[in-house]
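Under full-length UniProt numbering, the letters of the sequence shown match residues 1 to 745, in that order. Beta carbons are placed, not taken as given, at the ideal position from N, Cα and C, and that holds for glycine. Source: prediction; values computed, not measured.
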Amino acid sequence: MTTTRSMPHDVVVQKYACAQRSKLASVFKDLTKCIHCINVRASSPHCRFNGFRAFDLGSKQTTFLSKPSIKPLYPQVFNRPITKEDIELKKRACAETLLPILLRESEHCSRPNLIRHSRQLKTRILCDVCKTSLFALSWLCPTCGQDFCNECACNMNTNPNFQKATCPSKASHLHSLDNLCPVTRFEEQELVETIESMKHDLDNKLPNSSWNPPISVPELVPEVPRYKQGMLKISDFLHEWSKGLPLVITDLMIQGSWDPQYFIDHFGWMPVTVVNCETGDTKQSTVTKFFSLFLHPEDRTGPWAGIWKLKDWPPQRDFKTEFPEVFEAFSKCIPFADVTALNGALNLAAHLPMNGVSPDVGPKMYNSNGSDVDDPYGSTRLHKDMTDALNLMVWAAQFPDGKPGYALWHLFPPEATGIIQQFLCVDEGFPEAGDLINGQCVYLNTGLLERLHQKRGVRPHVVYQYPGQAVFIPAGWAHQVYFFPCVKYFTHGHCSQVGNKSDAIKIACDFISLQNLAETSRVSSELREHRLTSQWGEDILALYDTLYHAYRSFPTVLGTILHTSNGQDLCEISPEVSTMAVDLYPPGASAMEVDNPPSTSQEVSAMGIDNSPLPHASHTPPGRLRRLQLRHLNQKQKRMDAILEERAANPGKDFICPLCPGDSYFNRGRAEFIAITPPGYTGIQKLRRDFASQGQFLMNASCTNSCHILTVSHVRHPVFISRQLECRRIVPKNPLQFCYQRISA
1 MTTTRSMPHD VVVQKYACAQ RSKLASVFKD LTKCIHCINV RASSPHCRFN GFRAFDLGSK
61 QTTFLSKPSI KPLYPQVFNR PITKEDIELK KRACAETLLP ILLRESEHCS RPNLIRHSRQ
121 LKTRILCDVC KTSLFALSWL CPTCGQDFCN ECACNMNTNP NFQKATCPSK ASHLHSLDNL
181 CPVTRFEEQE LVETIESMKH DLDNKLPNSS WNPPISVPEL VPEVPRYKQG MLKISDFLHE
241 WSKGLPLVIT DLMIQGSWDP QYFIDHFGWM PVTVVNCETG DTKQSTVTKF FSLFLHPEDR
301 TGPWAGIWKL KDWPPQRDFK TEFPEVFEAF SKCIPFADVT ALNGALNLAA HLPMNGVSPD
361 VGPKMYNSNG SDVDDPYGST RLHKDMTDAL NLMVWAAQFP DGKPGYALWH LFPPEATGII
421 QQFLCVDEGF PEAGDLINGQ CVYLNTGLLE RLHQKRGVRP HVVYQYPGQA VFIPAGWAHQ
481 VYFFPCVKYF THGHCSQVGN KSDAIKIACD FISLQNLAET SRVSSELREH RLTSQWGEDI
541 LALYDTLYHA YRSFPTVLGT ILHTSNGQDL CEISPEVSTM AVDLYPPGAS AMEVDNPPST
601 SQEVSAMGID NSPLPHASHT PPGRLRRLQL RHLNQKQKRM DAILEERAAN PGKDFICPLC
661 PGDSYFNRGR AEFIAITPPG YTGIQKLRRD FASQGQFLMN ASCTNSCHIL TVSHVRHPVF
721 ISRQLECRRI VPKNPLQFCY QRISA
């Protein structure tokens, strides 16, 4: 028998990996290894049984101990003050999705031999078969330590050809529901309290509900509405978004110049993996080489022939960490930040623990070459996302005649994806195994789109996206990047497919809105079925974990609201703060534009940017804002005093400027690189930003003849400093490295 118990004196806990037999206690040396220790080397720290499996010396049985869970630290600061109405509506939305699952989990906990496992924050626990994130109703093999979701565990008894039937630890041991142990990651009291709270939330129907379930989409979907930035209030947007249809926001002003040259100058040294859109082949390159194809299309020959893309960039690191300037500009111009921002007050993904692993919801960059012909491939194959998505174009190359470049989108609703699947398999002879859309296996070229309309009556809708425009795609809407020069067949319809008529740079992010939770949950189940047949990918969103953390964080956030408002309702203090209430009438027709094909009369900037600073409205109370300002000034003064004290102790060394020459005195104790520019040099601000982005910016000084002197330490990429900035490095006898920037004024 396998049980879970607290730590008594007569129980020995496994303290090393199963493969490290020499270090294990004698009682564990004859026990089976976990699946991870069988497949990887002994030094791996991810043993399934390490610190979890134990041996009861009294009963001579294996048992499992529940580790103490890490207390999640939920965020308290959002893009605006959150209100009680916001929380109540989000609690209701989460409860409608989670309560049926938690009720089944309560029954699951009454099974014999239950194992209580701690909820992991630092790692995602996945089903070893379908790679679905394990939230509730999970099972464990006590022999090999494999985890299974409830669906996969139940299929072991009904499917005789189950691919994971044989336990890797024992060849004679077959996995079945009878020899698996039920697992829960909920504390008993926590589960009971959460269920009661959710029942209470659903019993209390809220008047003036700010969100509606997605309505059914008619056969002929109207034109995708286009709104200029600032024309819609957040309540108007939520009214439109609750219909489950896409929309476009235009005239977004993006600070900065995010063209290919910017990324070449700042990240040219960075290695990247690019994909050939026609063949799917990948190639290792650099940012400089890839983005130079945008500036010099004539170089797309030989090994660089065809259409290449750089997607999901950066692939590993956080976008904010890798591209802080781009992230700041994106955050300032993003429309309806309450819903779309990472810290949006109405974004359910904004409540994830700060000390845990967050799902990869972006933002990410998508960079792709354009096409001038009826390309049968495209840059992204037909697929659909689990969550709502926002796609913002920040740059597009101009056509040779000077017209601005654009991306071409075709949109299909969720109910059309099944028809498309049947059309491809039955009418076009594509293989029936697997999901062609979720598997990203096909492009719908011009001929396929034409026959799809003739045989199945499905016609996509067309959207033209220019720089400075954002396309909102609801969850479950299939989309692909497709190069389609002729649009005479497609003036109505719905599915999402995208095509760049020119080289383009776009930024995309995902968000979880209340309005499309049902569709997000449905697509999550679809992707699980696809993973079973394709053995590709894993559940990186962890939808139910995300919703559960959001629900558990609401009491803490509500307590902060009550404390801030001194016992008063925040809505009573500022009725304008709450933006959840949706108008009963749709937005005025004057705010809507018809999405017309591009014409020569359209005046669209190829950059879609504005270098002027944007007004930023602060929602911080005046008193707190003043205290923060005083604290900042006080800390700044302390830093200045510390610098002055350090200079007094070490007055610095003489330095002869190589450009004048002139004398200069400064403390260069920690400096690794020094850049010097002549008097009147106009690029000093850019050079200062470059230094700050590559290391720890120390000081800005000058010699006796006003030559600018910049110093930097802790340089991450010396090659960038010395080559990309066109600097000449001089290494003197001491460890200090001098880098002279010789540019005429």
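- Residue pairing for TRP313: DSSP places it in a beta bridge opposite MET365.
- The beta carbons of LEU98 and TYR544 sit about 6 angstroms from each other, so the pair counts as a contact at 8 angstroms.
- In the three-state scheme derived from DSSP, where H, G and I count as helix and E and B as strand, ASP510 is classed as strand.
- The residues MET386, LEU543, in chain order, have a CB closer than 6 angstroms to that of SER524 in the same chain once the five nearest residues on each side in sequence are set aside.
- In this model, ILE125 and VAL394 are separated by some 37 angstroms (Cα to Cα).
- In the DSSP assignment, PRO271 falls outside any alpha helix (DSSP H) and within the unbroken beta strand (DSSP E) covering 271-276.
- By the neighbour-count criterion, in which 16 or more other beta carbons inside 10 Å mark a residue as buried, MET365 falls on the buried side.
- For MET253, there is no enclosing alpha helix (DSSP H), as DSSP marks it with neither H nor E.
- In this structure, the CA atom of ASN79 is about 10 angstroms from the CA atom of THR340.
- With respect to CYS509, GLY306 sits apart: the two C-beta atoms are not nearer than 7 angstroms.
- For TRP139 against CYS109, the beta-carbon gap comes to about 13 angstroms, at or over 8 angstroms, which does not count as contact.
- For the 7 angstroms CB-CB criterion, ILE264 and THR301 do not form a contact.
- Take the alpha-carbon of HIS46 and the one of LEU121: they are about 15 angstroms apart.
- LEU532 sits close to CYS130, with the two beta carbons spaced by under 7 angstroms.
- DSSP places THR533 in the helix class (H, G or I) of the three-state scheme.
- With fewer than three CB-CB distances shorter than 8 angstroms, the stretch 340-355 does not count as touching the stretch 406-415.
- Taking a cut-off of 8 angstroms on C-beta distances, the stretch 546-561 does not touch the stretch 388-402, as fewer than three cross pairs fall below it.
- Counting along the chain, the unbroken beta strand (DSSP E) around ASP388 starts and ends at 388-396.
- Taking a C-beta distance under 7 angstroms as the contact criterion, ARG111 and SER66 do not qualify as a contact pair.
- In summary, ARG381 is buried, with 16 or more beta-carbon neighbours lying within 10 Å of its beta-carbon over all protein chains present.
- In the three-state reduction of the DSSP assignment, CYS167 falls in the coil class.
- The three-state secondary structure of TRP139, taken from DSSP, is strand.
- With respect to the 7 angstroms criterion, ALA153 and GLU105 are not classified as neighbours on the basis of their beta carbons.
- In the structure shown, ASP147 adopts extended strand secondary structure according to DSSP, grouped into three states.
- In the structure shown, PRO474 falls within a coil segment according to DSSP collapsed to helix, strand and coil.
- No residue range can be given for ALA25, since it is assigned to no beta strand (DSSP E) and is classified by DSSP as neither H nor E.
- Straight across, the Cα-Cα distance linking TRP477 with VAL557 is about 33 angstroms.
- VAL326 carries a helical assignment under DSSP once its states are collapsed to helix, strand and coil.
- Nearest C-alpha to CYS34 among HIS239, GLN20, LYS686: GLN20.
- Straight across, the Cα-Cα distance linking PHE148 with GLU538 is about 14 angstroms.
- Within the DSSP secondary-structure output, TRP308 pairs in a beta bridge with ASN276.
- About 5 angstroms separates the CB atoms of ASP251 and LYS228; that is less than 8 angstroms, so the two are in contact.
- The alpha-carbon separation between LEU452 and TRP241 amounts to approximately 28 angstroms.
- With contact defined as three or more Cβ pairs closer than 8 angstroms, the stretch 416-428 and the stretch 456-464 are in contact.
- PRO413 carries a coil assignment under DSSP once its states are collapsed to helix, strand and coil.
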